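With my numbering applied, the sequence shown corresponds to residues 7 to 373, in that order. We put the CB at the ideal spot given by N, CA and C, even for glycine. Just so we're clear, the structure is a prediction, and the values are computed from it rather than from any experiment. Okay, structure first, notes after.
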Amino acid sequence: MDASNLTTFVVWCGFGLGVAFGFIANKTNFCTMGAISDVVNMEHWGRMRAWLLAMAVAMIGVSALAYVNAVNFSETLYASKNFYWLSYIFGGLCFGVGMTLAGGCANKNLVRLGGGNLRSLVVIFFMGFAAIVTLKGVLGTFRINVLQSPFGTLYFENGQLLPALLSGTGGITAQTLQLAMTGAVALTIILFVYKDEKFRKSFNNNLSALIIGVIVAGSWYVTGHLGLAENPETLEMTYFGTSSNRPESMSFVAPSAYSLEYLAYSTDVSKIVTFGIATVLGVAFGSFIYALVSKSFRWEAFSSVQDMFFHIGGAVLMGFGAVCAAGCTIGQGITGISTLSLGSLLALLSIIAGSAITMKIQLARME
């Protein structure tokens with residue numbers, strides 16, 4: 007398969023995986039912010055268990071891919087040798103606050119958009135704009151010079167994936183650690199998740215967790231294995247079809263930004279539709295299909311000017327925060343965690359903290 011056809015293949019796979027993600031997320035009401043809200047406000051762990059189970063399934067898939075050398079995860083963004091701890095924490099907190107103000111994370115807003123929610127269209131636009139400004143614009147200066155300054159950065163020679171980071175301890179190899187850590191973490195999650203009888207009987211929670219976990223692992227396989235080939239121009243092995251020229255999986259903030267960039271500069275031949283852009287379109291389309299099938303599609307708009315400003319403010323915080331934290335509740339919370347990245351764990355905990363604190367403040371103001 008030549009380079010252009012391979013890129014097209016990877017992109018269409020991304021669209022298909024996105025459609026499946028959006029369809030299932032809409033059908034099962036899979037929502038990471040909703041999971042946090044259920045725990046914080048109602049002490050209900052159903053959707054949180056689904057999120058955790060999706061992580062475990064994705065971890066198992068990644069470990070299997072790494073074991074058979076199908077994907078080289080040391081070449082992913084999550085394996086970076088630069089551990090931007092300050093950026094992960096600050097960005098994660100901002101994203102957590104933002105998704106709470108905006109009524110959902112990037113994925114949830116794409117799902118809602120497919121169901122006819124015009125508020126989500128505004129959220130995705132402002133989130134994408136803030137993300138591109140943080141990636142390449144004026145906010146990028148603050149990100150690089152402050153959050154990712156030498157003070158806020160640790161350097162790990164073996165990268166920040168925990169198996170590689172801890173390899174050599176007691177003579178244990180990274181591959182052995184990958185299997186052992188994945189087995190221990192995944193088993194712990196599975197035992198915790200299925201000890202709850204309500205969850206065991208919840209078809210939707212189980213369905214969403216299993217399929218989304220498989221989609222994340224499948225995305226790694228598509229971009230990191232099927233999309234890897236020799237570049238005829240450089241004669242070097244290249245990852246085709248991704249924005250980063252690395253293996254990628256599900257993540258929705260930076261791809262939303264690249265989607266806006268593509269719309270603005272589509273006549274520039276260097277701008278192409280990539281795997282990430284295709285997944286963004288796929289999630290919205292998959293959700294739209296389910297909304298039509300279930301007859302749940304309906305137009306929704308802002309209830310007030312204040313509601314609009316809260317959503318826009320939250321969207322900007324999400325766009326800025328996700329770039330600084332190198333991902334969102336899916337990009338770090340499932341995709342990154344599946345690689346056992348230390349940065350993903352720190353970013354995820356910061357996102358949860360930012361969201362939980364904001365929810366508590368909102369609740370206190372209502373009383």
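Beta-carbon separation (whole angstroms), residue i vs residue j, contact threshold 8 angstroms
i	j	result
Arg149	Ser93	7 angstroms
Gly121	Ala297	4 angstroms
Phe246	Thr13	5 angstroms
Val289	Asn113	7 angstroms
Val16	Val228	6 angstroms
Val68	Trp305	Contact doesn't hold; Cβ gap of about 39 angstroms is too wide.
Bridge partner(s) assigned by DSSP for residue i
i	result
Leu171	Answer is none; Leu171 lacks a bridge partner.
Leu241	The partner list for Leu241 (beta bridge, DSSP) is empty, contrary to what the question assumes.
Glu236	Met243
Ser347	Leu167
Phe89	Leu160
Residue i versus residue j: straight-line alpha-carbon distance, rounded
i	j	result
Val279	Tyr264	9 angstroms
Val199	Ile218	16 angstroms
Asn35	Leu107	19 angstroms
Gly327	Asn115	16 angstroms
Gly22	Val144	35 angstroms
Gly40	Trp91	26 angstroms
Val222	Thr147	32 angstroms
Gly233	Ala284	15 angstroms
Thr194	Leu346	15 angstroms
Leu266	Glu203	44 angstroms
Ser173	Ile66	19 angstroms
Lys154	Ala62	Looking at the sequence shown, residue 154 is not Lys but Gln. Looking at the two C-alpha atoms, the distance is approximately 30 angstroms.
Val46	Phe29	27 angstroms
Ser293	Ala332	25 angstroms
Thr175	Ser80	19 angstroms
Ile343	Ala64	8 angstroms
Leu183	Asp8	37 angstroms
Phe258	Ala76	24 angstroms
Ala260	Met365	25 angstroms
Phe157	Ala362	28 angstroms
Ile336	Ile357	11 angstroms
Leu351	Thr179	22 angstroms
Lys277	Ser249	10 angstroms
Lys201	His50	14 angstroms
Ala31	Ser302	14 angstroms
As assigned by DSSP and simplified to three states, the class of residue i
i	result
Thr13	helix
Thr229	helix
Asn78	coil
Glu373	coil
Glu306	strand
Asn123	strand
Asp202	coil
Ile150	helix
Pro261	helix
Asp313	helix
Ile278	coil
Ile95	helix
Asn211	helix
Tyr271	coil
Arg53	helix
Cys37	coil
Lys114	helix
Ser300	coil
Ile196	helix
Thr3	For residue 3 there is no data in the structure shown, the boundaries of the chain being 7 and 373.
Identity of the residue in the options nearest residue i by Cα
i	options	result
Met314	Gly233, Leu124, Ile340	Leu124
Phe209	Phe29, Trp18, Lys33	Lys33
Met133	Arg53, Gly158, His317, Gly24	His317
Ala26	Thr345, Asn237, Met256	Met256
Leu287	Leu185, Gly20, Thr14, Ser173	Gly20
Ala170	Gly360, Leu185, Gly158	Leu185
Leu160	Ser86, Ser225, Gly360, Lys207	Ser86
Phe135	Val17, Leu269, Phe205, Leu354	Leu269
Ile95	Ala190, Gly282, Val152	Val152
Ile138	Ile343, Ala321, Ile357	Ala321
Leu71	Ser361, Ala353, His231, Gly165	His231
Thr262	Pro253, Cys111, Val45, Glu239	In the sequence as displayed, the identity of residue 262 is Ser instead of Thr. Residue Cys111 is the option with its Cα nearest to Ser262.
Gly104	Phe79, Ser250, Ile130	Ile130
Asn88	Leu127, Gln166, Val16	Gln166
Ser126	Lys142, Val311, Val275, Gly109	Gly109
Asn78	Pro253, Ile340, Ala260, Ser300	Pro253
Thr188	Tyr73, Glu163, Asn211	Tyr73
Lys142	Val329, Gly339, Ile358, Ser69	Val329
Gln368	Ser43, Ser250, Ser272	Ser43
Gly339	Lys207, Ile295, Ser69, Leu59	Leu59
Leu216	Phe291, Arg53, Phe303, Gln312	Arg53
Met324	Ser309, Ala353, Val16	Ala353
Gln181	Phe101, Leu168, Ala192	Leu168
Gly98	Gly349, Glu373, Gly177, Ala235	Gly349
Cys100	Glu239, Val299, Cys334, Arg206	Cys334
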